[in-house]
Amino acid sequence: MAQAEVNIMTAGHVDHGKTTLVAALTGKWTSVHSEELKRGITIRLGYADFSVRKCPKCPAPKCYCIDDTCKQCGSKPEEVRKISFVDAPGHETLLATVIAASSIIDGALFVIAANEKCPQPQTMEHLMVLEAAKVKKVVVAQNKVDLITREQAIAHYKQIKEFLRDTPYADAEIVPTAANSKLNLDALIEAIERNIPTPKRDLTKEPLMYAARSFDVNKPGTPVSKLAGGVIGGSILQGTLRVGDEIEILPGALHVKKEKETYSPLHTRIISLNAGGEELKEAHPGGLIGVGTELDPALTHADALVGSVIAKPGTLPPIRGELTVEAQPLARRLEKVTEDFGANEPLVLGIGTATTVGFVTSHKKNKLELLLKKPLSVKAGDVLAVMRRTQNRWHLYGTAKVL
């Protein structure tokens, strides 16, 4: 079982233990970039694959385990399916990355720490992100229960229920956990299995993939004759990609001439596909896929192609530097935000894994004309996430539909 079947995003406040919980389940720390480890927060999307193992002899939830042998009876558990956790940033200024990730998400693990009053401001913001992104399937992990008494845990559980009462997640299952001591992970896995099933995928659609990472795998000093082509990491939204396929990448390569930025589409061929360290002949939606190409590795170095869209040549909408959109504010907000947009006001826009800045060139009520700093491959009907700056902070405003 090489490829993950389902993508589950972790959401929640910056210090509530999202990354630690994912590490407890998968054995992999998703904050792998040195800057992230230093600051203790996730900046880019982190992916970690996790095999759900189930003992054929033990009753639920004890049958679910994270090891190669069942701790209850010593039997060898069966691998049921593979899940890819997408650990999105929790820090408020990085919420654009969370929004951008929503299009590849099948469900969410909402982590709320039991040793702090619920909701914290960022817990509210992440709830709004999940609502705006129309994520329907959510499991709540009431984390850090080892730091409080039983009575405090019950009182906090009631706070979570109250917080979710008037939202689409009022009936979401809440599982008490302690990531550091791996407490109750079997019950959490059972809740995920029950509430976030693998969606039915249409593999006959034209393939479409969002680039979440891109890199040069060559070590410094590698002879030119032995250089490997650029690698793109991302998630397939629909369809199937195969080794040997010709692909188009939009908006493509950045060119800067006299301070003017332009983009040119890239065309290349897939020479390898990889999931979780295993080579594939073909790849479909679910998990993080590494796509080896014939591109010059300088084009993919240091995430240069993040936010790009990948598909068969001629199947993508053209890139657009100007958009007309219909803005829709969130139904729920932390603070009052004026509905009036200012001339040349910058907005952060997110779609797929792409984020760009759009400047308001004209507006009439909720209809906006935008000039984009980085062009996007979008079509009429596509929905963008929108962030606005108020009181020196970026806040999620809502969504904008491309007209």
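With our numbering applied, the sequence shown corresponds to residues 35 to 437, in that order. For glycine and all other residues, C-beta sits at the position ideal for the given N, C-alpha and C.
- Around the CB of residue 247, 16 or more other CB atoms lie within 10 Å, so the residue is classed as buried.
- In the DSSP assignment, residue 185 falls within the unbroken alpha helix (DSSP H) covering 184-198.
- Exposed is the label assigned to residue 189, since fewer than 16 other Cβ atoms lie within 10 Å of its Cβ.
- Residue state for residue 37 is assigned as coil, using DSSP reduced to three classes.
- The alpha-carbon separation between residue 209 and residue 195 amounts to approximately 12 Å.
- With 16 or more other CB atoms across the displayed protein chains lying within 10 angstroms of its CB, residue 137 is buried.
- Relative to residue 222, the option among 412, 180, 176 and 437 whose CA is nearest is 176.
- Contact annotation: the stretch 233-247 does not touch the stretch 285-296, with fewer than three C-beta pairs closer than 8 Å.
- Non-local C-beta neighbours of residue 434 in its own chain, meaning closer than 6 Å and more than five positions away in sequence, comprise 359, 361, 418 and 420, ordered along the chain.
- Every unbroken stretch of the beta strand (DSSP E) spanning 3 or more residues and falling wholly within the stretch 336-371 is given here in chain order: 343-345 and 353-363.
- Relative to residue 333, the option among 391, 115, 118 and 283 whose CA is nearest is 283.
- DSSP, reduced to helix, strand and coil, places residue 329 outside both helices and strands of the structure shown, so it counts as coil.
- The straight-line gap separating the alpha-carbon atoms of residue 338 and residue 203 is approximately 37 Å.
- Restricted to the stretch 255-326, not a single alpha helix (DSSP H) segment is unbroken, complete and at least 4 residues in length.
- Annotated as distal: residue 357 and residue 391, with beta-carbon spacing of 9 Å or more.
- Here the alpha carbon of residue 378 sits roughly 14 Å from the alpha carbon of residue 401.
- Linking residue 169 to residue 302 through their CA atoms gives a straight-line distance of about 33 Å.
- In the structure shown, residue 201 adopts coil according to DSSP, grouped into three states.
- For residue 52, the secondary structure class from DSSP, reduced to helix, strand or coil, is helix.
- In the three-state reduction of the DSSP assignment, residue 423 falls in the strand class, which pools E and B.
- Residue environment: residue 88 is assigned as buried (16 or more neighbouring CB atoms within 10 Å of its CB, all protein chains considered).
- Nearest neighbour of residue 114 by Cα position, chosen from 231, 349 and 404, turns out to be 231.
- Rounded to the nearest angstrom, the gap between the Cα atoms of residue 37 and residue 397 is 45 Å.
- If the five residues before and after residue 154 are omitted, its C-beta is found closer than 7 Å to the C-beta atoms of 47, all from its own chain and listed in chain order.
- Annotated three-state conformation of residue 388 is strand, per DSSP.
- Residues of the same chain with a CB within less than 8 Å of the CB of residue 430, apart from the 5 flanking positions on each side, are 129, 133, 159, 162, 163, 166, 364, 419, 420 and 421 in chain order.
- Contact between residue 264 and residue 329 holds: CB atoms are separated by about 4 Å, below the 8 Å threshold.
- Classified as buried, residue 307 has 16 or more neighbouring CB atoms from the shown chains inside 10 Å of its CB.
- In the structure shown, the three-state DSSP call for residue 154 is coil.
- It is roughly 31 Å from the alpha-carbon of residue 81 to the alpha-carbon of residue 424.
- Counting the other Cβ atoms within 10 Å of the Cβ of residue 237 gives fewer than 16, which makes it exposed.
- When the Cα atoms are used, residue 145 and residue 426 turn out to be separated by approximately 27 Å.
- In the three-state scheme derived from DSSP, where H, G and I count as helix and E and B as strand, residue 139 is classed as coil.
- The beta-carbon distance between residue 219 and residue 100, rounded to whole angstroms, is 6 Å. This is short enough to meet the 8 Å contact definition.
- Closest by C-alpha distance to residue 404, out of 393, 272 and 39, is 393.
- Sequence-distant partners of residue 140 (beyond 5 residues in either direction) whose C-beta falls short of 6 Å from its own C-beta, in its chain, are 40, 41 and 233.
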